[in-house]
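Let me begin by presenting the structure, written as structure tokens, before commenting on it.
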Amino acid sequence: MTNISVTFKPLGKRIMVNSGTSIKDAIEKAGISFEFPCGGKGKCKKCFVQILEGIEPPTLLEKTNIEEGLIEEGFRLACLTKIYKDSVIDVMEEESESDHKFFYRGSSREVELDPHLYKSCINIDKSKLKDYPSHYEFLISGLKERLEVNLTSLRRLEQVLQEADDKITLLTDGKEILNIEKGDTRGKMLGMAVDIGTTTLAGYLIDLVSGQELEVVSMLNPQTKYGCDIISRVTHVEEENSLEKLHKMIIDGINNLIDKAVENSGVSSEDVCILSITGNTFMHHFFLGINPSGLAHYPNTPVIDKGLKFKGKELGLKINPGGIVFLIPVACGFIGADAISVIMDTELDRADKIKLVLDIGTNGEIILGSREKVLAACSAAAGPAFEGPQISCGMRAVKGAIEGVKFKDGDIELSVVGNVKPKGVCGSGLIDIVAGLLNKGIVNPSGRILSAEEIDNLTEDSLKQRIKKIKKTNAFLVVDKDSTSHGKPIYITQKDIRELQLAKAALYTGIHILLDNYKIKSENLEGIYLAGTFGGYLNPESACTIGLLPPDLIDKINVVGNAAGSGAKLVLLSRKELKRAESISNIIEYVDLSSHSQFNSLLPRFLEFSDPTSRKND
Ligand code: FES
């Protein structure tokens, strides 16, 4: 097979590949961070690159999947296109970790320190060592209680005794010596709460002696290269037998987070003694290296739902050799440890009045409850439209994403992540645009983009001029091609609006069913809590305008940030909180929306962009 060279711009990376290699495989071989939202199936049309040299005439597949104008300019989909000669390919821009936007803010709820592990320092007199039958007997002679010892500690014991002067420190859970360190290291006791999101891994490094948060770090979940959504990744596991690879990606990702956090804080990863892990049930299984395939198929039963404890070493985590890992329990296949963590942080399980929590990420989780009862549902249709893969110019909230839009003085004002030329629109930006178009009458309540002649009472010609025809349907031009980073215009198309309507209707239908099940009206809710990155950037007014949230509750909307991460912090700091997580997992009632008798009949009612609470007979 002929070898050809591929040079990737603007990075200047050059690699050799076999002729006939797909651009996707070449990108992966070059180690370039590039997203394939549909897992490289040619469905999402998000993996555009521009071939500058070495281009071949378009194949039929490319012709049917890419607009004509773009084909002529050398744009191709990386997952559908193969290269046969030396090529120069513009991947537009490599996404770096710093491009990744993560809503750091979470609550800093006070919790009494009730550590899972502790360190005790003992004074030793090495001249007496010879008087004991073994080093172990010498060691425990300094203890008030007799403790068991693990193999890691035994292997280290002789060396630590040799190197120590007159003090050694034991890491213990009260029953067993987990590790032995020379000197007095009691002040070096750290933990990390880790939230394994489908899109983002986030870690909170905490000093377990003072309870102080030292560092917050995040990164893109490395699994995203096998698809933005969970099902693409499960399919990859089923088709490519790649469970081990995807499991390792999570472990390596967490090790990277630990490295980054300890380096930034000037401490050592050996000081990290405890990890608490939260995430949805799929991520929970991937973390453990358990095949999550069963979760994707009826009856969607997890392999294990209980809270778990493992040694960090067993899982390949680079923490203290005696360090332990707690996994927060999951409620069921669709309601994971992340939902339990969110309930803990928002104190839904302790509330006298009923609260509604929405965690809109890759899936939309809806949780309703109080100390009496907690109902939870998952609206799988919500995520993709809000996060981007099904929206023509949609993208996640990373550098270049339009995250906020204001209609002002006949023009639109954009906020772009990273203050750079825009590349696409993320969920919060999309909701702002559609809310603005509704307010201006450019989109009517049924969701149709009107042509300029059909719009009443709009005097702003500059906005009317933004209405264009794409494949015979109206679209709204958000940014023209000269002002974007990739030279392609950014539109909101009629199909995008239909996707948004479907997503918001699915979410609102879920809310409606839960309220109904709880026998409560929305006006009687104590508050609505928006969790997650998307919730953090969402403009509540726009969300109410499009009917995603009940408009009469606009003053009761609270943004709680990464509540899942905050819940994991509680578990990290306190044994009582771990027990609380376990008790919450037992009281959650899962409401399966996909098989709910009312779901399909209710959904069409909420498709329109009118105020859903004003509808009759709900
Ligand atoms: S079309 Fe290429 S990754 Fe989706």
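Mapped onto the numbering used here, the consecutive letters of the sequence shown carry residue numbers 1238 to 1855. Glycine included, every Cβ here is placed at the ideal spot set by N, Cα and C.
For residue i, three-class secondary structure by DSSP
i, result
"Ala1588", "coil"
"Arg1313", "strand"
"Tyr1369", "coil"
"Glu1347", "coil"
"Ser1390", "helix"
"Ala1800", "helix"
"Ala1740", "helix"
"Ser1720", "helix"
"Leu1445", "coil"
"Gly1773", "helix"
"Lys1250", "strand"
"Ile1670", "helix"
"Leu1809", "helix"
"Lys1880", "Given a span of 1238 to 1855 for the chain in the structure shown, any question on residue 1880 remains unanswerable."
"Ser1506", "helix"
"Asp1496", "helix"
"Phe1843", "helix"
"Ser1455", "strand"
"Met1329", "coil"
"Thr1710", "strand"
"Asp1646", "coil"
"Ser1832", "coil"
"Gly1277", "coil"
"Asp1848", "Annotation note: pLDDT 47 at Asp1848 (below 50); position unreliable, no value reported."
"Asp1855", "With a pLDDT of only 39 at Asp1855, under 50, the local geometry of the prediction cannot be trusted, and no value is derived from it."
Residue i, buried or exposed, once every other Cβ within 10 Å from all chains shown has been counted against 16
i, result
"Leu1354", "buried"
"Met1520", "buried"
"Tyr1728", "buried"
"Ser1720", "exposed"
"Arg1852", "For Arg1852, the predicted model reports a pLDDT of 39, less than 50, meaning its position is unreliable; a value from the coordinates is still stated below. Burial call: exposed."
"Tyr1441", "buried"
"Pro1849", "Its pLDDT being 36, under 50, Pro1849 is placed unreliably by the model, and nothing is read from it."
"Tyr1369", "exposed"
"Lys1261", "buried"
For residue i, the nearest candidate out of the options (CA to CA)
i, options, result
"Gly1601", "Glu1382, Ile1467, Met1581", "Ile1467"
"Lys1555", "Val1567, Ser1530, Glu1584, Ile1488", "Ile1488"
"His1749", "Cys1781, Leu1605, Thr1472, Val1499", "Leu1605"
"Lys1543", "Thr1710, Thr1515, His1372, Arg1587", "Thr1515"
"Leu1289", "Thr1258, Cys1275, Lys1322, Glu1272", "Lys1322"
"Lys1356", "Ile1511, Gly1257, Gly1306", "Ile1511"
"Gly1448", "Met1429, Glu1400, Leu1350", "Leu1350"
"Val1446", "Thr1318, Leu1810, Lys1816, Gly1641", "Leu1810"
"Thr1435", "Arg1346, Pro1459, Lys1300", "Pro1459"
"Asp1432", "Ile1591, Glu1819, Pro1787, Gly1769", "Gly1769"
"Tyr1535", "Cys1569, Asn1517, Gly1559, Asn1557", "Cys1569"
"Lys1412", "Leu1394, Ser1256, Arg1392, Leu1384", "Leu1384"
"Ile1649", "Leu1298, Ser1513, Glu1845, Leu1714", "Leu1714"
"Gly1666", "Lys1425, Ala1430, Ser1834, Phe1623", "Phe1623"
"Asp1733", "Cys1663, Lys1718, Ile1794, Tyr1766", "Cys1663"
"Arg1346", "Glu1452, Gly1257, Ser1838, Asp1582", "Asp1582"
Residue i: CB within 7 Å of a non-hydrogen atom of ligand 2
i, result
"Cys1284", "The ligand content of the structure shown is limited to ligand 1, which means ligand 2 is not among them."
Checklist entry - Okay, do the stretch 1553–1564 and the stretch 1722–1730 touch, 3+ Cβ pairs below 8 Å being the bar? => result Counting Cβ pairs under 8 Å, fewer than three are found: no touch.
Checklist entry - Is it a yes or a no for the stretch 1399–1409 touching the stretch 1360–1367, going by three-plus beta-carbon pairs under 8 Å? => result Yes, the stretch 1399–1409 is in contact with the stretch 1360–1367.
Checklist entry - Contact between the stretch 1765–1780 and the stretch 1669–1682: three or more CB pairs below 8 Å? => result Cβ pair count under 8 Å is three or more, so yes.
Checklist entry - Should the stretch 1239–1254 be regarded as contacting the stretch 1293–1303, the criterion being three or more beta carbon pairs within less than 8 Å? => result Between the stretch 1239–1254 and the stretch 1293–1303 there are fewer than three inter-stretch CB-CB distances shorter than 8 Å, so the stretches are not counted as touching.
Checklist entry - If we count Cβ pairs, one from each stretch, closer than 8 Å, do we get three or more for the stretch 1758–1768 versus the stretch 1469–1479? => result Of all C-beta pairs linking the stretch 1758–1768 to the stretch 1469–1479, fewer than three are shorter than 8 Å, placing the two stretches out of contact.
Checklist entry - Pairing CB atoms from the stretch 1572–1588 with CB atoms from the stretch 1819–1828, are three or more of them under 8 Å? => result Touching, per the Cβ criterion.
Next on the checklist: Between the stretch 1520–1538 and the stretch 1484–1499, can you find at least three pairs of beta-carbon atoms closer than 8 Å?
Outcome noted: Taking 8 Å as the limit for Cβ pairs, the verdict is that the stretch 1520–1538 does touch the stretch 1484–1499.
Checklist entry - Are the stretch 1539–1553 and the stretch 1728–1739 touching by the rule of at least three beta carbon pairs closer than 8 Å? => result Fewer than three pairs of CB atoms, one per stretch, sit closer than 8 Å, so the stretch 1539–1553 makes no contact with the stretch 1728–1739.
Checklist entry - Quick check: the stretch 1626–1637 against the stretch 1783–1803, are there 3 or more CB pairs under 8 Å? => result Judged by Cβ distances under 8 Å, the stretch 1626–1637 makes no contact with the stretch 1783–1803, as fewer than three pairs qualify.
Item to check | Any 3 or more C-beta pairs closer than 8 Å across the stretch 1784–1791 and the stretch 1732–1745 | outcome: With the cut-off at 8 Å, the stretch 1784–1791 and the stretch 1732–1745 touch.
Checklist entry - Are three or more beta carbon pairs between the stretch 1679–1689 and the stretch 1648–1660 nearer than 8 Å? => result Too few Cβ pairs lie closer than 8 Å, so no.
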